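Below is one structure, written out as structure tokens; comments come after it.
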Amino acid sequence: MTAVIAPIVEGHGEQESIRLLLTRIAEQFDLDYPQVIRPIRRRRSSLLSEKNDELGRAVQLAALKLQERCEELSSGLILILIDADEDPPCILGPKLLARARKTRGDADVACVVATVEYETWFVGAAESLRELLELQPEEPPEDPEGKRAGKGWITKRFRGPKYSETADQPSMTARMDLTLCRRRCPSFDKLCRELEARLSRRDAG
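Be aware that the sequence shown starts at 354, since it is given in this note's numbering, and climbs by one per residue.
Here it is as structure tokens:
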């Protein structure tokens, strides 16, 4: 089973938050805690472009980092986390996954496309973030992905001077209700399922 995770992300906020998010998911859903390597960050446009194959280089680097920590590469996971933005997740995710697997067919790779973006997951758990967000009685939307509620939605309701991905994503990641987010955001549920498929359950003995 997976013991080490090497994330590939696009933003500074995700780079600072992904380790906390993955360990919180493991704790919430009774999974063994993974060792999360310092994330590899590349610009979204670079990861999407096939011209210079920045994704391939990032995958190679992630595989090398896993090999430094795992007796067998197959006991680690390369996790690609990227925002959908305007791209259809059902097309973008499989396309990136196929490219990554072509680069390192000997590695376990998963690709999760946050619909619409990482902040959409905060919208899905907004009630648990009232300390940071000013919400109306009818908020948040029950289907934040369908409503395309993301960074703009969070920024408009943020209680601080100005929402900053790098400064505020970690604190919001630490506070968000993961179960609520999983119910409302299918892309977050996919992330949880990818981990559940690879991490042993703590109660399994």
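Glycine included, C-beta positions come from ideal geometry on N, C-alpha and C.
Remember, predicted model here, so these are calculated numbers, not experimental data.
Beta-carbon separation (whole angstroms), residue 460 vs residue 416, contact threshold 8 Å | 5 Å
Within 8 Å, strictly: CB atoms of residue 540 and residue 441 = no
Contained beta strand (DSSP E) runs [length at least 3] in the region 430-514, N- to C-terminal order | 461-467
Smallest Cα separation from residue 492: which of 485, 373, 476 and 505?
-> 476
Excluding five sequence neighbours on each side, which residues of the same chain lie with their C-beta closer than 8 Å to the C-beta of residue 378?
-> 384, 531, 544, 545 and 548
Residue 564 (DSSP reduced to helix, strand or coil) = An answer regarding residue 564 cannot be provided, because it is not within the stretch 354 to 558 covered by the chain.
Whether residue 488 touches residue 525 by CB criterion (8 Å) | no
Buried or exposed by the 16-neighbour rule on C-beta atoms within 10 Å, applied to residue 550 = exposed
Measure the C-alpha to C-alpha separation of residue 512 and residue 521 and round it to an integer number of angstroms.
-> 11 Å
Rounded distance between the beta-carbons of residue 394 and residue 362, thought under 8 Å = 5 Å
Residue 372: buried (16+ other C-beta within 10 angstroms of its C-beta) or exposed?
-> buried
Residue 359: which of 365, 398 and 413 sits nearest, CA to CA?
-> 413
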